[in-house]
Amino acid sequence: MSKLTLNLTTQLKANANEKILRDGPRNRWYTGAKLAADVDQLDDQLRGLNVGHGDVVYVCLPNSGLMPILAQAIWRIGAVMNPVSANTSVTEMLADLEAHDYAAVIVGEEFVAAVLENRQTQRADLTLNTTERLTVIRDTAVSGHVAATPTEEDLALILQTGESQRISLTHDSIRRRVQGRQSPTAVYWGYLFEECR
Numbered sequence: 007m008s009k010l011t012l013n014l015t016t017q018l019k020a021n022a023n024e025k026i027l028r029d030g031p032r033n034r035w036y037t038g039a040k041l042a043a044d045v046d047q048l049d050d051q052l053r054g055l056n057v058g059h060g061d062v063v064y065v066c067l068p069n070s071g072l073m074p075i076l077a078q079a080i081w082r083i084g085a086v087m088n089p090v091s092a093n094t095s096v097t098e099m100l101a102d103l104e105a106h107d108y109a110a111v112i113v114g115e116e117f118v119a120a121v122l123e124n125r126q127t128q129r130a131d132l133t134l135n136t137t138e139r140l141t142v143i144r145d146t147a148v149s150g151h152v153a154a155t156p157t158e159e160d161l162a163l164i165l166q167t168g169e170s171q172r173i174s175l176t177h178d179s180i181r182r183r184v185q186g187r188q189s190p191t192a193v194y195w196g197y198l199f200e201e202c203r
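Per the numbering used here: the sequence shown = residues 7 to 203.
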């Protein structure tokens, strides 16, 4: 397990009964136990869809308490999260899906039909503590991999930095960005929200 995923798991367990994440749009607080339950459910679902080590997951959702949970579940199986702006158009999303091999796609309900059209897919709809409905779409035309414990050098995050420009961050590079700050959990969540939008 990478130090990043280990630290995140440890923080959720250590704060099982503490409110550690506030979802502003939903005006709700979540305890470490509630968040850990969501991470476990997402982990199980992704593994069941044959999403694993090195697979890239495209995420286009509004910023909410769900985002860091998605990241943690994706990272825990060794996959890579590629979050894009919730303001992405259907046309831009479809162009991105054509240009890259995404093993899975997690998008808002308004994009689901477009993702499913003309693709071989498996669809899973989940209810989590952090959201009432989450759709995970597995593109079965893209080879999946077995889930594996990530290492420090494994990619964790791909960020869009401009028109067709992307940067990749490893588990270690993300961990080093938050190391030494007061609250690893708060800094981590804040980092994801800041960097992924």
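Yeah, the Cβ is synthetic: ideal placement off N, Cα and C, and Gly gets one too. This structure is a prediction, so every number in the text was calculated from the model and none was measured.
The C-alpha of Leu-48 lies about 30 Å from the C-alpha of Glu-169. Boundaries of the beta strand (DSSP E) harbouring Thr-176: 171 to 176, taken from the DSSP string.
For Asn-13, the enclosing alpha helix (DSSP H) stretches over residues 9 to 20. Here Pro-31 carries a coil assignment [DSSP, helix/strand/coil]. The count of Cβ pairs closer than 8 Å, one atom from the region 136 to 144 and one from the region 112 to 119, reaches three, so the stretches are in contact.
Straight across, the Cα-Cα distance linking Ala-43 with Ala-130 is about 17 Å.
Beta-bridge pairing by DSSP links Ala-130 to Val-142.
Here Trp-35 is exposed: its Cβ has fewer than 16 other Cβ atoms, across all protein chains shown, within 10 Å.
Taking the Cα of Ile-173 as reference, the smallest distance to any Cα among Met-87, Gly-30 and Ser-70 is reached at Met-87. According to DSSP, residue pairing for Lys-40 in a beta bridge does not occur.
With fewer than three CB-CB distances shorter than 8 Å, the region 73 to 83 does not count as touching the region 95 to 102. As computed with DSSP, Met-87 is found in a beta bridge with Val-63 and Leu-163.
In this structure, Gln-171 keeps its C-beta atom at 9 Å or more from the C-beta atom of Val-90. DSSP places Val-96 in the uninterrupted alpha helix (DSSP H) bounded by 96 to 105. For Gly-168, the beta-bridge partners assigned by DSSP are Gln-171.
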